[in-house]
Structures are given as C-alpha cells and as structure tokens.
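Our numbering applies: residue -13 is where the sequence shown begins, and numbers increase by one.
Even for Gly, the Cβ is constructed at its ideal location relative to N, Cα and C.
Only one structure is covered here, and it is reproduced in the block below.
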Amino acid sequence: MARPVQCHAPMMTNAARTMEDDATGIVVPPALKLVVLSGPDAGRVLKLDEGQRYLIGSATDRALVLRDPKVSRRHLEIEVLGDGVRITDCESRNGSFHEGARFREILVGTGAVIRVGDSELQLLSGERGVPMPAADSDRFGGLVGRSLSMRQLFTLLSRAAVSDVPILVRGETGTGKEVCAEAVHARSQRAQGPFVVFDCAAVPPALIESELFGHARGAFTGAHTARDGAFVQAHTGTLFIDEIGELPLELQPRLLRAIDRQQVKPLGAAGYREVDVRVVAATHRDLREEVHAKRFREDLFHRLTVVQALLPPLRKRKEDIPHLVRELVGPSGPEVSPAALALLTEHDWPGNVRELRNVLERARSLALKSGMLTPTELGFEGVAVDETREGFHAAKDRLIATWERGWVTELLKRAKGNVSRAARLGQLDRVSLHRLMKKHGINARDE
C-alpha cells in the first residue's frame, strides 16, 4: 500500500471534464501497472490497485521514485478509478505531457504514455510483460521518428534484423513498409546480397506463380525461354513480398514450402531449386481476420509472423511531423514558416508519410522564389472542417499551442540551440522564451 499522497487535484479544466464525460470507452483491467520506459529508471514497475492514489516524484518517500533531474519532488498523482486512471500534475516545474500536449489533469486508460522530464511512463495491464525498450536513435535506415512508438519499433527491428527469421510488417498505405524492409536488409548479414521487391497487388493473379517462383521454357504459351522468379533472384539476400494479403489462396502452400524448406519449383519444371532467402512480408490488412474468414492459411500466417512490426500511422505520432518535415525538405530546401509547420502538424494525413512527402514536394516547387514554405504553398486554405466539431475556444487554444511550439522549435533551430541568440532573433526577452519552452516541453539541446 502506497503512503497517502500530499498533492491534491486542482479544479478540473473544461478539457478534463470533456475527457471524463467521454470516458465510457476507457477500459481499465483489474491488474494494472505503471512501467518506466525511458530515463534513468527505465524498467522499473509500479503495481496499481483500484481505489488507490500514488504519488510519483524524485523524493525518496514516493510510491515511484524517479531519479530524473528534471522531475520534481512531487510531480504526479495517479488515482485508479473504475472508469479510467486520473493523472494530475502537482504543479511540477517542468510539466507533464500526454501525446505531446502539456496537461494539469487527464483521464486515460491502458496504453497511455506520460512524459515527465526525460522519462516516459506507460500504463499497462498486469498480464502484459515489460514493453520493448525505446532506442536512443531517432532513425532506423530510412525510417525517422522520435516518438516512443517509433523508437520502440527501432529496437525491435534492430534485434530482428540480425536473425534470419521472417518478419511481417503491418501498416496503413504510405507508412513506409518497403523502407522498413530495406532497413532490415541493410542491417542484416545479408546486406551484401540482393534486395528484391515483389508486390502481390501489382501483378495479375494469373502471373503471380510464374513471377514469384519462375517458369521453365514452354511452361505456357509465350514462355519461349526459362525465367527465374523472385525467390531465385533474391538468392543470398532478402525477398520483400508486399501486400501478402493479396496472394491467392491456392498459391499459399507453395509459399509456405519455399520459406520452410528453402526450395522453389518453377512453373512447368520437373524438380525443385534450392534457394537461400530471408522473407520480409508486408500488408495493410489484418491477416488474423483473413485467417478467420478462410482467405489466408493459418499455417502460413504463423510462419510469417515470427516477428511482427507495426508501423503506426502518422496521425498517431504527430510529434514526429516536425522532424519528418525537416528530413523531407532537406538542409538546402526552403525554410518552413511556423504557421505552415502548425498546419502540417494538425493535418491527419490519411496517406501518411507518402502524402506528407507529396505535399512538401509540391510546396517546394511553388516556393522557389520566396524561399519560404507558407500555408499558401501547402495548399491548406484554413482549418479543416473536422476541427469545427470542437468548441471555438478549444480549437483556438489547440491551434495556438501548435503554432507556438512550431515557432519556438524553428527559432531554436535557427539559433542552433542558443537560447540568448534565439531570443534576439525572435525579438522577445529570454524569460518569455524560457516560459514558452517550458510550456511546450522543449529543450534547447534537442533542437
């Protein structure tokens, strides 16, 4: 039993009340724990019981003691309720953040990640093990991101890359599944071998067997010469099979044999050929549902999912958008105005990183003369229609906060992290700049 806390919850804000009113969908299992994902105390676990309150901070008498120098002595209060977990910031000096936004009080469920100082804490069900640790790096090959979900993915991929097991990469269209597969190949022992891409959705179903496994001369009308399939072409390297969910059911046993026995039989051939291939597959479908619908073989599903890597959609990792914008615009590209960066961050990006890249390429072509990307070049005329579903003040406050964060981030980038120089460039005093940095959780050394 944790000792009684000394931090009392402040009066709830309108945002907190809305979150509480909408809390009916929040599920809190009977066994709950708080896991430290990153920071000096990574790996520590605090078990949570319903009806109890827990105080977290740097003082030694807290329920969970964090040695992070940016964490206050009394930083957070956690109360486990029947319909969620209430988390209150105890007027800490550096603030508490959820999904990139600073809060005073929120109601969340399992899976929520809270950042305090340089530490990240996640609420998990007691049955789940300790989650994958987050990588220190903000990139894995061509994948870029500082969000927790991406850095955890980088750890998974770096560990899986050095083995030879099949990997299934899941993600929406445009999230970078092929980039992910290329990065795995480049980190593997097969890096000197070929990287071959086979897209099941781009090949007519009648030709998939021949394109994937090859064919012998005379195997069908027009087969005047023998041809190697994708498996043979990828010998000693990696075969990336994109949109694996589109593979016809009748060909799935052949793919399973090719993976298991490292043998392929070209169409029309008398015997099998030996191959040495590592398979990385990708899909935007839920293959487990496809198995239940009898459209995908269960044995093949289990063979492909020895390691599963989920690429989160861009709308669920919006804190990565400023870093992706800098990466895609490039060091020699035009400057991105704070207003443009704010709109880019607010957009939901149904086409994910691919859509973001296309928008920025168009904007760059229109900004050749001005040398600056503004909302005009982006083609964003104003606030999205969906945003009118919010109340006026809530939408206004959110957009202002996004603009402020983008403006301060770009200002510090121009000043190469020097706060005094940034204050001069921004025409405001250092105290005001520090206040904005603290408000949005921005560290000069990160910019």
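List the DSSP bridge partners of G157. Start at 1 with the first residue of the sequence shown, and residue 157 comes out as number 171. According to DSSP, G157 bridges with L297.
State the DSSP-derived secondary structure class of S44, mapped to helix, strand or coil. In the sequence shown, residue 44 corresponds to position 58, counting from 1. Reduced to three states, the DSSP call for S44 is coil.
Beta-carbon spacing of G133, E305 below 7 angstroms
Taking the sequence shown and counting its residues from 1, one reaches residue 133 at position 147. Taking the sequence shown and counting its residues from 1, one reaches residue 305 at position 319. Position check: residue 133 holds Ser in this sequence, whereas Gly was assumed. E305 sits close to S133, with the two beta carbons spaced by under 7 angstroms.
* Pull up the distance between the alpha-carbon of D8 and that of D214, whole angstroms please. => Within the sequence shown, numbered from 1, the residue matching residue 8 stands at position 22. Within the sequence shown, numbered from 1, the residue matching residue 214 stands at position 228. Bear in mind that the predicted position of D8 carries a pLDDT of just 36, short of 50, making it unreliable; the figure below should be weighed with that in mind. D8 and D214: Cα-Cα distance of roughly 57 angstroms.
- Measure how close the beta-carbons of R303 and G131 come, nearest whole angstrom, since I'm counting them as under 8 angstroms. The sequence position of residue 303 within the sequence shown is 317, counting from 1. The sequence position of residue 131 within the sequence shown is 145, counting from 1. Going by Cβ atoms, the distance from R303 to G131 rounds to 6 angstroms, so yes, they are a contact pair.
Three-way DSSP call (helix, strand, coil) for R101 in this model: As a working note, residue 101 is residue 115 in the sequence shown. For R101, the secondary structure class from DSSP, reduced to helix, strand or coil, is strand.
Exercise. Give the straight-line distance between the Cα atoms of G208 and S196, rounded to the nearest whole angstrom.
Key: The sequence position of residue 208 within the sequence shown is 222, counting from 1. The sequence position of residue 196 within the sequence shown is 210, counting from 1. So the alpha carbons of these two residues sit roughly 12 angstroms apart.
Going by the CB atoms, is the gap between V261 and F226 shorter than 7 angstroms?
In the sequence shown, counting from the first residue as 1, residue 226 sits at position 240. In the sequence shown, counting from the first residue as 1, residue 261 sits at position 275. The answer is no: Cβ separation not under 7 angstroms.
Endpoints, the beta strand (DSSP E) within which L62 is located: Position 76 of the sequence shown, counted from the start, is the residue given in the question as residue 62. First-last of the beta strand (DSSP E) with L62: L62 to L67.
Straight-line CA distance for L67 to R421? Position 81 of the sequence shown, counted from the first residue, corresponds to residue 67. Position 435 of the sequence shown, counted from the first residue, corresponds to residue 421. If you take the alpha carbons of L67 and R421, they lie about 33 angstroms apart.
Item checked: Q178 classed as buried or exposed, judged by whether at least 16 other C-beta atoms fall within 10 angstroms -> Here the question's residue 178 lines up with position 192 in the sequence shown. Its Cβ having fewer than 16 others within 10 Å, Q178 is exposed.
Item to complete: Tell me where the alpha helix (DSSP H) around K424 begins and ends.
Response: The count along the sequence shown starts at 1 and reaches residue 424 at position 438. K424 -> alpha helix (DSSP H) spans R416 to K425.
Coil, strand or helix - Q413 by DSSP: Here residue 413 refers to the residue found at position 427 when the sequence shown is read from its first residue. Q413 falls in the coil class under three-state DSSP.
- Message: Considering only the alpha carbon of each residue, which of I64, D35 and Q248 lies closest to H221?
- Response: To locate residue 221, count along the sequence shown from 1; it is residue 235. Closest by alpha carbon: Q248.
key: For R137, the nearest candidate out of K399, A295, E313 and R410 (CA to CA)   = The residue given as residue 137 occupies position 151 in the sequence shown. In this structure, A295 is the residue among K399, A295, E313 and R410 with its C-alpha nearest to the C-alpha of R137.
What is the rounded straight-line gap between the Cα of T10 and the Cα of E91? Within the sequence shown, residue 10 is the residue found at index 24, counting from 1. Within the sequence shown, residue 91 is the residue found at index 105, counting from 1. Residue confidence for T10 is low, a pLDDT of 34 falling below 50, so the modelled location carries little weight; the figure read from the coordinates is stated next. Annotation: T10 to E91 spans about 17 angstroms, alpha carbon to alpha carbon.
Over the uninterrupted alpha helix (DSSP H) stretch that includes D285, give me the two end residues.
Against the sequence shown, residue 285 aligns to sequence position 299. That run of the alpha helix (DSSP H) goes E284 to L290.
inquiry  = Between which residues of its own chain and M118 is the CB-CB distance below 6 angstroms, once the five residues before and five after are set aside?
reply    = Here residue 118 is taken as the residue at index 132 of the sequence shown, counted from 1. Excluding sequence neighbours, M118 sits near Q138, T141 and L142.
Report task. Count the other CB atoms, across all protein chains shown, that sit within 10 Å of the CB of D75; report buried if there are 16 or more and exposed otherwise. Result -> By one-based count along the sequence shown, residue 75 stands at place 89. Flag for D75 reads buried.
- prompt: Could you give the residue range of the beta strand (DSSP E) that holds F226?
  reply: In the sequence shown, the residue the question calls residue 226 occupies position 240. In the DSSP annotation of this structure, the continuous segment of the beta strand (DSSP E) that includes F226 starts and ends at T224 to D228.
Query - Same chain, Cβ closer than 6 angstroms to W393, neighbours up to 5 away in sequence not counted - result: What you label residue 393 is simply residue 407 of the sequence shown in a count that begins at 1. Around W393, the same chain offers P324 as residues with beta carbons nearer than 6 angstroms, after the five sequence neighbours per side are excluded.
Skipping 5 residues on each side, what residues in its chain have a beta carbon closer than 6 angstroms to that of R348?
Position 362 of the sequence shown holds residue 348. If we look at R348 and ignore the five residues flanking it on each side, it has no Cβ neighbours.
Query raised in the report: Which runs of the beta strand (DSSP E) fall wholly inside the region 116 to 165 and span at least 3 residues, in chain order?
Result: Qualifying beta strand (DSSP E) stretches, in chain order: 153 to 157.
Checklist entry - On the three-state DSSP scale, how would you describe K33? => result Within the sequence shown, numbered from 1, the residue matching residue 33 stands at position 47. Three-state DSSP puts K33 in a strand.
Note to self: Between which two residues does the alpha helix (DSSP H) holding L327 run?
What the structure shows: In the sequence shown, counting from the first residue as 1, residue 327 sits at position 341. Here the alpha helix (DSSP H) through L327 covers P324 to E332.
Residue range of the beta strand (DSSP E) that E91 falls in?
As a working note, residue 91 is residue 105 in the sequence shown. If you look at E91, you'll find it in the beta strand (DSSP E) that goes E91 to V94.
Note to self: Just to check my reading of the structure: L23 and L107 have Cβ atoms closer than 8 angstroms, yes? What is that Cβ distance to the nearest angstrom?
What the structure shows: Along the sequence shown, read from residue 1 onward, the residue named residue 23 stands at position 37. Along the sequence shown, read from residue 1 onward, the residue named residue 107 stands at position 121. Between L107 and L23 the Cβ distance is about 7 angstroms, and since that is below 8 angstroms, they are a contact.
Review point. Can L34 and E63 be called in contact, C-beta distance under 7 angstroms?
Key: Numbered from its first residue, the sequence shown carries residue 34 at position 48. Numbered from its first residue, the sequence shown carries residue 63 at position 77. Not in contact: L34 and E63 (Cβ atoms no closer than 7 angstroms).
DSSP beta-bridge partners for S111?
-> For the purposes of this step, residue 111 is taken as the residue at position 125 of the sequence shown. Here S111 is bridged, per DSSP, to L18.
**Beta-ladder partner(s) of S82, from DSSP** = By 1-based counting over the sequence shown, the position of residue 82 is 96. For S82, DSSP records a beta bridge to V102.
- Task: Note down the Cα distance separating L129 from E168, rounded to an integer number of angstroms.
- Result: Here the question's residue 129 lines up with position 143 in the sequence shown. Here the question's residue 168 lines up with position 182 in the sequence shown. The alpha-carbon atoms of L129 and E168 are separated by roughly 10 angstroms.
Review point. So, using beta-carbon positions, are G81 and R88 closer together than 7 angstroms?
Key: As a working mapping, residue 81 is identified with position 95 in the sequence shown. As a working mapping, residue 88 is identified with position 102 in the sequence shown. For G81 and R88, yes; Cβs fall inside 7 angstroms.
*asked:* Mapping the DSSP letters down to three states, classify G70 as helix, strand or coil.
replied: Reading the sequence shown from its first residue, position 84 is the one you call residue 70. Under the three-state reduction of DSSP, G70 is assigned to strand.
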